[in-house]
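The working numbering runs 3 ahead of the 1-based position in the sequence shown. Don't be surprised by glycine CBs; every beta carbon is placed ideally from N, CA and C. Note that the structure is a prediction, hence the values are computed from the model and not measured. Below you'll find the structure, written out as structure tokens, and then a few comments.
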Amino acid sequence: MNFSKIAKKALSQKGWTITRLAKEMGYCVQHVSDLLSGERRWNETTMSRACEVLGIQVVFSVSGQEIA
């Protein structure tokens with residue numbers, strides 16, 4: 004899974020800029036830009052915050068069973 008790709012797609016669908024995403028997440032623009040470009044790693048906190056503001060959900064699947 005490439006979370007940056009998913010986040011960029013959601014960002015585009017909302018018509019948001021990186022600046023808007025950073026503001027909504029409560030992070031500086033450079034931090035979010037680094038996350039999206041792969042210069043910085045996503046962690047549970049940043050992924051959770053991005054999902055919350057972008058209205059997306061990360062779902063894991065094990066042996067055909069969905070685990071949210």
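Three-state secondary structure assigned by DSSP to residue i
{"i": "V35", "result": "helix"}
{"i": "S66", "result": "coil"}
{"i": "I21", "result": "helix"}
{"i": "V56", "result": "helix"}
{"i": "E42", "result": "coil"}
Residue i versus residue j: straight-line alpha-carbon distance, rounded
{"i": "S15", "j": "I9", "result": "10 Å"}
{"i": "I21", "j": "V32", "result": "7 Å"}
{"i": "F6", "j": "G18", "result": "18 Å"}
{"i": "L38", "j": "V61", "result": "17 Å"}
{"i": "W45", "j": "L24", "result": "15 Å"}
Environment of residue i [buried if 16+ CB atoms lie within 10 Å]
{"i": "V65", "result": "exposed"}
{"i": "V35", "result": "buried"}
Sequence-distant residues of its chain with Cβ nearer than 6 Å to residue i (five each side left out)
{"i": "Y30", "result": "none"}
{"i": "E27", "result": "V56"}
Beta-carbon proximity list for residue i, same chain, < 8 Å, skipping 5 on both sides
{"i": "I59", "result": "I9, A10, A13 and A53"}
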